[in-house]
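There are 2 protein chains.
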Amino acid sequence: MMWTLWTILSLVVSALAIGVAVYFYKWVQALPVAEGNIDSISKLIRKGAFTFLKREYRILTVFVGIVSILLLIVFPSPVWKGGISENILAAVSYIAGAALSALAGYVGISIATLANVRSASAAKKGLAPSYMAGFRGGAVMGMAVVSTALAAAALLQILTGNADLVIAFSFGASSLALFAKAGGGIFTKTADIAADLTGKVELGIPEDDPRNPAVIADNVGDNVGDVAGMGADLFDSQIASLAAALVIAASLGKVEIEMVFCFSALGLLASIIGVLFARVGPSGDPGKALNGGTLLTCGIFAILTLAATLLTPEFNIRIWGAAFLGMLVGVIIGFTSEFFTGDDKKPVEKVAEACKSGPAFTILSGISYGLVSIMPSIIGIGVAALGAYKLVEPLGVGYPMFGISIAAIGMLSIVGMIISNDAYGPIVDNARGLAEMGNLGDDVLEITDKLDAAGNTAKAITKGFAIGAAGLTVIALLGAFQEIVESVTGEIISFNLMDPLVFFGTLVGAAIPAVFSAMLMLGVNRNSQLMVQEIHRQFDTIEGLKEGKPGVMPDYNKCIDIATVGSIKELIPAGLTAIVITLVVGFIGGVQAMGGYLAGNIVTGLFLALLMSNAGGLWDNAKKYIEAGNCGGKGSDAHKAAVIGDTVGDPFKDTAGPSINTQITVVSLVASITATLFATFSIFG
Amino acid sequence: MMWTLWTILSLVVSALAIGVAVYFYKWVQALPVAEGNIDSISKLIRKGAFTFLKREYRILTVFVGIVSILLLIVFPSPVWKGGISENILAAVSYIAGAALSALAGYVGISIATLANVRSASAAKKGLAPSYMAGFRGGAVMGMAVVSTALAAAALLQILTGNADLVIAFSFGASSLALFAKAGGGIFTKTADIAADLTGKVELGIPEDDPRNPAVIADNVGDNVGDVAGMGADLFDSQIASLAAALVIAASLGKVEIEMVFCFSALGLLASIIGVLFARVGPSGDPGKALNGGTLLTCGIFAILTLAATLLTPEFNIRIWGAAFLGMLVGVIIGFTSEFFTGDDKKPVEKVAEACKSGPAFTILSGISYGLVSIMPSIIGIGVAALGAYKLVEPLGVGYPMFGISIAAIGMLSIVGMIISNDAYGPIVDNARGLAEMGNLGDDVLEITDKLDAAGNTAKAITKGFAIGAAGLTVIALLGAFQEIVESVTGEIISFNLMDPLVFFGTLVGAAIPAVFSAMLMLGVNRNSQLMVQEIHRQFDTIEGLKEGKPGVMPDYNKCIDIATVGSIKELIPAGLTAIVITLVVGFIGGVQAMGGYLAGNIVTGLFLALLMSNAGGLWDNAKKYIEAGNCGGKGSDAHKAAVIGDTVGDPFKDTAGPSINTQITVVSLVASITATLFATFSIFG
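As given, the protein sequences belong to chains A and B, one line each in that order.
Counting with the numbering used here, you get residues 3 to 687 for the letters of the first sequence.
Counting with the numbering used here, you get residues 3 to 687 for the letters of the second sequence.
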């Protein structure tokens, strides 16, 4: 047992966060639900979401089981070299990571499907109560995810003091996240695209019209894709950044380990304060409230960590500087994404303008701005890494990489707040749908529309943030990989780009995000075409459905079923491809090839993730900008072109783009886990 | 003077190639031109192309002038350190490189605009004569380009023995190529898109209908974009691969320099034989004839170089192995591209199928397959580099990088044949247009359609090949950069990915191709919208034009003017951005950051170039597949969706994609040229 001040405080703050989560959960649950059919519709959504989760988790249990047996055999060191007890601990940590990630997804879905209907109902009383229901619902997820990750890392540190186990735990969380994000992402866009194409485009009926057989599936998708998926993604980045920092810190000393827990605990504390104080005035701007909360949290984090550093003589201020730099760059990346996707900014206006010349120009201009948007974010990540390294370099050998890992911790410090903002989005999106389907009236729709729009803007920021955080984290994981290899081989290693194995690895690694994201998008393509056929079948065979004859209901479950079965079928191959190629490269080229492979994978992974997220957000908002009456308005040819752009952007921004985050993390962790093997056996390495 | 066997033979073979070029030029020129207005239309095209070229070259003269003054000051070493005579030679070499590249473009345009009308006219006599006119026209360009590059390198070697001058020469060729490719690419797609959207989509009139005011501009574009641009691109790769190999060989010994010239000269000889023997039977398949010629050339190259290696005791067979491997991988990459873009292959069928579900699915499936297509080619390049390195490694220190540069030479050995095949494409495309505009009848159209389709297939292969060649060349240039830095600093350097400057450079370098290609595509977007407006204006104001009243002619020159002015305005900023950021990174992070920067730039450059080329080719052929009567055929909704896909693909495959090749070469050369400066002054490096 190795109790230290900040591991204990980490547990305390985590407990506090769980307390807040429980309080918010009960608070949301106690809110009234409006009368009418809204309750029964929301229960359909809840049931659909749980059905999907159950089926998904069943498949993933098999996967986790197989991997944990493999871990038992090879990690941290092959059993034939002795030391089975460490391997058992690693396998258990892996399973715990996967289980807790699954649990976080489950809790998130559970609260989101309670909060959506209550947010819609509360909109009858005004914007503020409706906002609070949505935000506090999201905050349950935020608090639950971050506290679980931090508490697990602290417990593993206290009980074993072995950072390798945090790597195993993190790998468990990521491998679940990989599939949850991919599966949920395919589900949500399958339903969204099919609903839009048949409803909005073909029939001209509004979004969320209850006549559309895909409408419930679409709302289920918001939950399983955006709530559970995004939560799993950030859980994954959070725990991976902790793992990387702890592995590197372990080679430096106890003080550094303390600093990791100190900064993480204070980040969570800052998020708790931010979440508790988040409010919007009765006629206030919900978007500003969300961003205001983020900035408040950042400020509190900076002050608290600075104070802790100054008050603890062993803590070096340069390390605080790295954390602060990381946080700062995170915020800057978030706001860069907002510039490229905000509907009051030039890129959106230009794309909307291009829509007037038809769909081809819509696509070309969106992709072009998406490509341009890569530059500031990727340079931001580079500057953060370079700055953190240089800041901490004077402290001695081994410290510079620690600086980068601390920058990642700093960037992820406010992740509790970020997840809260992010989960708010799909909840109020659902609330809007329920208000429409439950006929709550135009006043309510106006409020939920406002909340939904704020959710979209906040999402642009949180997505940019998530990509930036993943970027820094995987750079730190590259450091952790190096650390592990050095501790195995007892040699100082470097990855020289002029070494052909490194270069070969870089090229192969660069191709992975492309293939991975293509497989997911082709999955969405296939499934949504199936669902469109099913919707057409229902419109053709169910009498009175198209016309909206009272009492005639579509068969919602059939569409939920198509999305569920389809996405579960598609999620395994893409994830496995990434993992298997990693192993093949490692066994062919050894640790040298693997170093290059990780770097190549990070570079094009960030490249594609930023392109897809930002282009997707841009098209979405260009469509909304036109719908607000610009460039010809709703129903014009420009609008039709914009809808096509939005449809292309949907799997970009909600399936492939954000899944790449998780893919690069998983691949980095696989490399760390198997480093010992590659260092021992490989064909060329 | 340093005459050696293979520098002399290089000059001899180059002279032979120039002889063949002159013979083919006269042969084509002597072919008869059909009666009617086809002659006057073809003269319009010729005039438009020369006007553009003249204006473009005027701007570029200024650019080349400025850069040559800068070179005079800093390359190979700053004048304030003495040694002005070397710098004068470098500046002269630079100007010579630019001038010869310009000349090659001029010759190419000149023959192409003679061959197009003669190919159309010859189609009256059958497929074989028409094919020969197109192919021999293309071969003039192929022979001229390769012989110029090889002769220049050999002369520089004989006269000075200074490989740095070949770098300067190569930089001259590339900086011209960068702008020629970008400018021509913007011109051709501006006109193509505008013509398609107003003609085919809005009015439903056929391609190349003389009523369309953009139709001549479209045909001019084929020449300035595809003939001059692609020629400049491959000239650039060819000379850059020679430069990289010679810089590395110079540090090894005279035998290695001889091998470089030996392999290059025999490659050109093989291409001469291939070109002279290219034939198609009267009812033969022109596509097979083109590919057959390529394979024949490869075979001859392999045998000749093997024989030369075996007969020369100093030549090591391992180095031959590297060249052979490079050639082999080049062919494999070419055929991979064909798999992803061939209209009898699965991807095209799948995308055509997706067109039935609308434009959004067309775009999504095309991008997805484009992303998948990256993998085999990029792994091919990686395997070639790794294989060449490992093959040559036993020869000692310094050799492995030489192996990679020789693989690039091997891959580019058959470039004479490749350029011939490639320039054939736009010539017969023009011939088809002239046959339509000149009313040469349905029989002629059928033949020219067949020849055009073969050109498209050959193009897919040559494009994949061009990207692969650029990939290997820039890897070799990275080696040359290292070589130059080591000779300046006197230290062995490596680029360690864990060095934050290297990593920072990698991230920034990765963003360059994105921004560069986005700027070009936005340029096409802007200009084609302008041209569409002009076409609408003409249709609205010129009476009887739409209806095709005899004697009523559109104002073709106005459209040519829009494309010319627009593309010249757009080509400078994109190119300058890439060059300036390179300098900024070098001055901030020194040679370490520059090493990473080049690697990042290569990786995402290849990534984007492959994605854009292959997705673009895929959409083009999916459209043709539907037009051939599949998936609903011409005029169906699927066809409309396919046209949108093709329009998106046009700037992908003909503007941005191929320009990236040149961008990565230019950036690599800039780095080599400025290496001395960065090694001396930089903020962090």
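Ideal Cβ positions, reconstructed from N, Cα and C, are used throughout, including at glycine.
Would you decide whether residue i is buried or exposed? Buried here means 16 or more other CB atoms lie within 10 Å of its CB.
i: Trp322(A); result: buried
i: Pro284(B); result: exposed
i: Arg281(A); result: exposed
i: Gln31(B); result: exposed
i: Lys183(A); result: buried
i: Thr676(B); result: buried
i: Ile305(A); result: exposed
i: Val582(A); result: exposed
i: Lys655(B); result: buried
Rounding to the nearest angstrom, what Cα-Cα distance links residue i and residue j in this structure?
i: Ile160(A); j: Ser79(A); result: 22 Å
i: Gln535(B); j: Ala354(A); result: 18 Å
i: Ile380(B); j: Val510(A); result: 7 Å
i: Asp454(A); j: Asp431(A); result: 5 Å
i: Pro288(B); j: Thr192(B); result: 29 Å
i: Tyr371(A); j: Ala630(A); result: 22 Å
i: Ile302(B); j: Trp82(A); result: 54 Å
i: Ile369(B); j: Ala520(A); result: 8 Å
i: Thr649(A); j: Trp621(A); result: 8 Å
i: Ile169(B); j: Val672(B); result: 9 Å
i: Gly295(A); j: Gly187(B); result: 48 Å
i: Lys548(B); j: Asp557(B); result: 13 Å
i: Pro515(A); j: Val669(A); result: 10 Å
So the candidates are the options; which of them puts its Cα closest to the Cα of residue i?
i: Ile75(A); options: Ser176(A), Leu91(A), Asn225(A); result: Leu91(A)
i: Ser422(A); options: Ile406(A), Ala23(A), Met403(A), Met500(A); result: Ala23(A)
i: Lys28(A); options: Ile97(A), Ser112(A), Val15(A); result: Ser112(A)
i: Gly405(B); options: Ser266(B), Tyr391(B), Val399(B); result: Tyr391(B)
i: Ala154(B); options: Gly139(B), Ala437(B), Leu129(B), Leu102(B); result: Leu102(B)
i: Met143(A); options: Ala156(A), Leu178(A), Ala106(A); result: Ala106(A)
i: Leu657(B); options: Val668(B), Phe363(B), Ser123(B), Val226(B); result: A quick correction: the sequence has Thr, not Leu, at residue 657(B). Checking every option, the nearest Cα to that of Thr657(B) belongs to Val226(B).
i: Ile429(A); options: Val119(A), Val394(A), Leu13(A); result: Val119(A)
i: Ala512(A); options: Asn318(B), Ser176(B), Gly384(B); result: Gly384(B)
i: Gly231(B); options: Ile486(B), Ala468(B), Ser375(B), Gly591(B); result: Ala468(B)
i: Cys300(A); options: Thr579(A), Phe189(A), Gly412(A); result: Gly412(A)
i: Gly440(B); options: Lys45(B), Leu503(B), Leu158(B); result: Lys45(B)
i: Asn164(B); options: Tyr133(B), Phe317(B), Ala251(B); result: Ala251(B)
i: Ala410(B); options: Gly507(B), Val587(B), Ala325(B), Ile71(B); result: Ala325(B)
i: Leu612(B); options: Pro212(B), Leu373(B), Leu55(B); result: Leu373(B)
How is the alpha helix (DSSP H) around residue i delimited, first residue to last?
i: Leu248(B); result: 232-252
i: Thr200(A); result: Taken as a continuous stretch (DSSP letters only), Thr200(A) belongs to no alpha helix (DSSP H), as it is neither H nor E.
i: Glu340(B); result: 319-343
i: Trp29(A); result: 7-31
i: Ser70(A); result: 40-76
i: Cys300(B); result: 288-313
i: Arg120(A); result: 86-124
i: Cys561(A); result: 558-629
i: Pro349(B); result: 348-357
i: Met439(B); result: 417-439
i: Phe483(A); result: 444-491
i: Asp220(A); result: 217-223
List the residues that DSSP assigns as beta-bridge partners of residue i.
i: Asn164(B); result: None; Asn164(B) has no bridge partner.
i: Leu498(A); result: The identity of residue 498(A) in the sequence shown is Asn, whereas the question assumes Leu. Answer by DSSP bridge pairing, in chain order: Asn498(B).
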